[in-house]
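Residue numbers (this note's numbering): 210 to 563. The structure appears right after this line, and notes come after that.
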């Protein structure tokens, strides 16, 4: 399977080894900064990898015969690049968020359907061992009726983080703490709670990052169509280092909580179902070496099988849109100073101001 990666920054250090690990043929790397390509290959000790290098992704697409492209550029360019690839009949894995507007996300879904190619969004936390154990309990209804679900992401991002690239912390190309750092937790909340949402109410603030346009704190409330209540708190204001990512599910016959610095292990597990209760013995912490976790390779394994078997990927384009919709609904609620009803037809980070 002939593969190329567009965007060779921080997250590329997870993408490229994953593509190689599942047996993809890495044909090309592309980044507007050629030094980023050099640094990536050097950092992974892959200097001898026989690849083409490009600074213009369109030239790469014109020159290379590709089966799959991964897009790991700034968030604001995801949709444009993905649409170019999809229109050429190339399967696409795009980093989260898949776009910064719902209209762009919808265009991506339509193009993938038209061209009959795979479009998956890199929401890799769904593949984590702990997330999969919770999913298995939900699938056999061991929680019973869910009462509520909560997410807290309490991390630290200082000025040096935002100075790594001029697009960070802007409404045009990034979004704030919820869009960038908390979208994984909000995606898991929506996935676990049942998906369909009636109303969202949220408030944002910028408390410690006055040099940014965007929020560093978001707090809110979600009403799911099945009656489940969701609450969230997401911030990048923790002093000095990341503290925790927590997700708790409370049901009539079971309680579970993800915990740890990045939500990587099961912190609480109590069920009336003895068979499901035994799964708690599998709750050892995954050896995460970074915030990005260990599941990118699982994403690539799934994408490869999805292409080969002509099936929907485990994290579909619609799943990516759902996560984007939730974040944008929170943003719109803050802007309107009122609850927002879903489905949301269109909204964009560019519509925001604080």
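Cβ coordinates follow ideal geometry from the N, Cα and C atoms, glycine included. Please read all numbers here as calculations on a predicted model, not as lab measurements.
(message) I'd like the span of the alpha helix (DSSP H) that includes residue 277, first residue to last.
(response) In the chain shown, counting from the first residue as 1, residue 277 sits at position 68. Not the alpha helix (DSSP H): residue 277 falls in the beta strand (DSSP E), residues 277–280.
(request) Leaving out five residues on either side along the sequence, give the residues of the same chain with a beta carbon under 6 angstroms from the beta carbon of residue 467. (result) Here residue 467 refers to the residue found at position 258 when the chain shown is read from its first residue. Around residue 467: 339 and 456.
(message) Could you check whether residue 413 and residue 422 sit closer than 8 angstroms to each other, using their CB atoms as the reference points?
(response) Residue mapping note: residue 422 aligns to position 213 of the chain shown, counting from 1. Residue mapping note: residue 413 aligns to position 204 of the chain shown, counting from 1. For residue 422 and residue 413, no; Cβs fall outside 8 angstroms.
(message) For residue 228, which residues in the same chain have their Cβ closer than 8 angstroms to its Cβ, ignoring the five residues on either side in sequence?
(response) By one-based count along the chain shown, residue 228 stands at place 19. Answer for residue 228: 212, 214, 235, 279 and 509, listed in chain order.
(request) Closer than 6 angstroms by C-beta to residue 310: which residues in its own chain qualify, once you throw out the five before and the five after it? Chain order, please. (result) One-based indexing of the chain shown puts residue 310 at position 101. Within the same chain, residue 310 has close Cβ partners 557.
(request) Could you tell me whether the Cβ atoms of residue 548 and residue 409 are closer together than 8 angstroms? (result) Numbered from its first residue, the chain shown carries residue 548 at position 339. Numbered from its first residue, the chain shown carries residue 409 at position 200. A contact, by the Cβ cut-off of 8 angstroms.
(message) Quick check on DSSP: helix, strand or coil for residue 506?
(response) Taking the first residue of the chain shown as 1, we reach residue 506 at position 297. Looking at residue 506 - three-state DSSP - the assignment turns out to be helix.
(request) Take residue 406 as the anchor and find which of 263, 459, 539 and 515 has the nearest alpha-carbon. (result) Walking along the chain shown from the start, residue 406 turns up at place 197. Among 263, 459, 539 and 515, the Cα nearest to that of residue 406 belongs to 539.
(message) Ignoring anything shorter than 3 residues, give me the beta strand (DSSP E) runs that lie fully in the region 314–384, in order along the chain.
(response) Runs of the beta strand (DSSP E) inside the region 314–384: 328–331 and 355–363.
(request) Specify, as a first and last residue, the run of the beta strand (DSSP E) that residue 461 falls within. (result) Residue mapping note: residue 461 aligns to position 252 of the chain shown, counting from 1. First-last for residue 461: undefined, no H or E at that position.
(request) Below 8 angstroms on the Cβ atoms is my guess for residue 578 versus residue 516; work out the distance and round it to an integer in Å. (result) Because the chain spans 210 through 563 in this model, residue 578 falls outside it and cannot be assessed.
(message) Using only the alpha-carbon positions, how far apart do residue 225 and residue 292 sit?
(response) Translated into positions along the chain shown, residue 225 becomes position 16. Translated into positions along the chain shown, residue 292 becomes position 83. Those two C-alpha atoms are separated by around 22 angstroms.
(request) Drop a sphere of 10 angstroms on the beta-carbon of residue 437, count the other beta-carbons inside from all chains shown, and report buried for 16 or more, exposed for fewer. (result) The residue you call residue 437 lines up with position 228 of the chain shown. By the 10 Å Cβ count, residue 437 comes out buried.
(message) Measuring only the C-alpha atoms, how far is residue 313 from residue 288?
(response) In the chain shown, the residue the question calls residue 313 occupies position 104. In the chain shown, the residue the question calls residue 288 occupies position 79. Approximately 6 angstroms, taken between the alpha carbons.
(message) Rounded to whole angstroms, what is the Cα-Cα separation between residue 545 and residue 537?
(response) Here residue 545 is taken as the residue at index 336 of the chain shown, counted from 1. Here residue 537 is taken as the residue at index 328 of the chain shown, counted from 1. Each residue's Cα considered, the two are about 12 angstroms apart.
(message) Closest to residue 418 by C-alpha separation, out of 285, 296 and 366, would be which residue?
(response) Here residue 418 is taken as the residue at index 209 of the chain shown, counted from 1. Among 285, 296 and 366, the Cα nearest to that of residue 418 is on 366.
(request) In the DSSP assignment, find the unbroken beta strand (DSSP E) run with residue 474 in it and report its ends. (result) Locating residue 474 in the chain shown gives position 265, counting from the first residue. It spans 474–480 - the beta strand (DSSP E) in which residue 474 sits, taken as one unbroken run.
(message) Give me, in chain order, the residues of the same chain whose beta-carbon lies closer than 7 angstroms to that of residue 460; leave out the 5 immediate sequence neighbours on both sides.
(response) On the chain shown, position 251 is the one that residue 460 refers to. Contacts found: 352, 353, 354, 355 and 356.
(request) Excluding the 5 residues preceding and the 5 following residue 435 in the sequence, name in chain order all residues of the same chain whose CB lies nearer than 6 angstroms to its CB. (result) Locating residue 435 in the chain shown gives position 226, where the first residue counts as 1. The residues are 403.
(request) Using the Cα positions of residue 385 and residue 368, report the straight-line distance between them to the nearest angstrom. (result) Counting from 1 along the chain shown, the entry for residue 385 is found at position 176. Counting from 1 along the chain shown, the entry for residue 368 is found at position 159. Roughly 13 angstroms separates the two Cα atoms.
(message) Let's test the definition: count the other Cβ atoms within 10 Å of the Cβ of residue 361 and tell me whether it reaches 16, buried, or not, exposed.
(response) Working through the chain shown from its first residue, we reach residue 361 at position 152. Its Cβ being crowded by 16 or more others within 10 Å, residue 361 is buried.
(request) Below 8 angstroms CB to CB, which residues in the same chain sit around residue 222 once its five sequence neighbours on both sides are set aside? (result) What you label residue 222 is simply residue 13 of the chain shown in a count that begins at 1. Hits under 8 angstroms: 249, 252 and 253.
(message) Let me check one thing: in DSSP terms, what residues is residue 301 bridge-paired to?
(response) Position 92 of the chain shown, counted from the first residue, corresponds to residue 301. Looking at the DSSP assignment, residue 301 forms a beta bridge with 278 and 328.
(message) If distances are taken between C-alpha atoms only, which option among 323, 327 and 322 comes closest to residue 303?
(response) Taking the first residue of the chain shown as 1, we reach residue 303 at position 94. Taking only the C-alpha atoms, the option nearest residue 303 is 327.
(message) Is it buried or exposed, residue 319, if we count other Cβ atoms within 10 angstroms and call 16 or more buried?
(response) Taking the first residue of the chain shown as 1, we reach residue 319 at position 110. Result: exposed.
(request) Could you have a look at residue 444 and say whether DSSP puts it in helix, strand or coil? (result) The count along the chain shown starts at 1 and reaches residue 444 at position 235. Correct three-state label for residue 444: strand.
(request) Go through its chain and collect everything with a Cβ distance to residue 263's Cβ below 7 angstroms, but skip five positions before and after it. (result) As a working note, residue 263 is residue 54 in the chain shown. Only 237, 239 and 269 meet the Cβ criterion.
(request) Use the C-beta contact count for residue 259: other C-beta atoms within 10 angstroms, 16 or more gives buried, fewer gives exposed. (result) Numbered from its first residue, the chain shown carries residue 259 at position 50. Result: exposed.
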